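Under our numbering, the first residue of the sequence shown carries the number 100, and numbering increases by one thereafter. What follows is a set of notes on a single structure, which appears directly below.
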Amino acid sequence: MTNVDGGANGSRFALRIGATQSYAGGVRQQITVPAGVYRLSAFARTTGSLSAAQVTITDAGGASRTLDIPASSGWTRRELTEIPVSAGTATITIRAASGNGYLFVDDLGLVRTSGDTPPGQRYEAETAPAVCQGTIDANWAGFSGSGFCNGTNAAGAYAQFTVNPSAAGTASLGIRYANGAGSARAANLIVNGSAVATVSFEPTGAWTTWATKTMTVPLTTGGNTIRVDPTTTAGLPNIDHLDLGPTAG
Ligand code: GCU
Ligand code: CA
Numbered sequence: 100m101t102n103v104d105g106g107a108n109g110s111r112f113a114l115r116i117g118a119t120q121s122y123a124g125g126v127r128q129q130i131t132v133p134a135g136v137y138r139l140s141a142f143a144r145t146t147g148s149l150s151a152a153q154v155t156i157t158d159a160g161g162a163s164r165t166l167d168i169p170a171s172s173g174w175t176r177r178e179l180t181e182i183p184v185s186a187g188t189a190t191i192t193i194r195a196a197s198g199n200g201y202l203f204v205d206d207l208g209l210v211r212t213s214g215d216t217p218p219g220q221r222y223e224a225e226t227a228p229a230v231c232q233g234t235i236d237a238n239w240a241g242f243s244g245s246g247f248c249n250g251t252n253a254a255g256a257y258a259q260f261t262v263n264p265s266a267a268g269t270a271s272l273g274i275r276y277a278n279g280a281g282s283a284r285a286a287n288l289i290v291n292g293s294a295v296a297t298v299s300f301e302p303t304g305a306w307t308t309w310a311t312k313t314m315t316v317p318l319t320t321g322g323n324t325i326r327v328d329p330t331t332t333a334g335l336p337n338i339d340h341l342d343l344g345p346t347a348g
């Protein structure tokens, strides 16, 4: 690591990293952060034949996300958004891939874009007591936790969550999904056994592109089941998680 060159704005220093073995070395910084959803960004450029680089954030719970930095000779801003980070010490690691050249990094930023998701209010589709009528898969990147529910392509092949709101009342919830198919997939939203809404999961363009459907549902205290029940033979989109917002009276 050497500060030998100007930064992205031409006036300051940048961090320079070289690599002879792919992702073998790098620099690491630890930071204590509150829980939330974050954006990781950096200006980067590469020289010589350095093939690529990565900036990885690993949160206190061990969950990590990686910002890929392709080779580029000019300063380019790279960012990764919608990163869920749990409270505590997060580690950011910058590493260069193999090749004969350098990675320059400047203006590394970690910004909390939403504090809406308090710890414990995210329910992963792959974590019991959630039920997935299909398989828990991990083959399409971008999901949170360790996987997502790939429901069987059939009517009635549901994904179900059990949530515990802090109070009874109306709560907003967000269901994160990916629909790489060409048309929307329809489902009933069934709360504690009663259908309360219909949901249309529009195509997201790719199975690796995730979007969130937000709706408002009535909840009681204690455990509430929230079932997403597909109404056509196409079944559900891939379901990642459910975020429960605060309850209003
Ligand atoms: C593909 C894709 C699955 C998805 C399925 C579907 O097979 O790999 O992740 O669940 O399509 O259409 O539901
Ligand atoms: Ca499926």
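C-beta: ideal position from N, C-alpha, C; glycine also. If you're wondering where the values come from, they're calculated on a predicted model, not measured in any experiment.
Proximal residues to residue i (C-beta, below 6 angstroms), its chain only, five neighbours per side dropped
i	result
Ser315	The sequence given here has Thr at residue 315, not Ser. Only Thr269, Ser271 meet the Cβ criterion.
Gly219	The predicted position of Gly219 is uncertain, since its pLDDT is 47 and thus under 50; a value taken from the coordinates is nonetheless stated next. Same-chain partners within the cutoff: there are none.
Leu114	Val204
Residue i beta carbon near ligand 2 (any heavy atom closer than 7 angstroms)
i	result
Gly255	no
Gly233	yes
Gly135	no
Gly334	yes
Asn291	no
Gly250	yes
7 angstroms CB neighbourhood of residue i in its chain, flanking five on each side removed
i	result
Thr131	Gly187, Thr188
Arg144	Ser171, Ser172, Gly173, Trp174, Thr175, Phe203
Cβ neighbour criterion (16 or more within 10 Å) applied to residue i
i	result
Asp167	exposed
Asn238	exposed
Ser163	exposed
Pro228	exposed
Arg284	buried
Asn278	buried
Arg275	buried
Ser213	exposed
Residue i CB to nearest heavy atom of ligand 1 below 7 angstroms
i	result
Asp236	yes
Ala280	yes
Asn337	yes
Trp306	yes
Task: Residue ranges of each alpha helix (DSSP H) within the stretch 152–228, 4 or longer - done: Counting whole runs of 4 or more residues, the stretch 152–228 contains no alpha helix (DSSP H) stretch at all.
Task: Contiguous alpha helix (DSSP H) assignments of at least 4 residues, all confined to the stretch 298–336 - done: Uninterrupted alpha helix (DSSP H) stretches at least 4 residues long and entirely within the stretch 298–336 do not occur.
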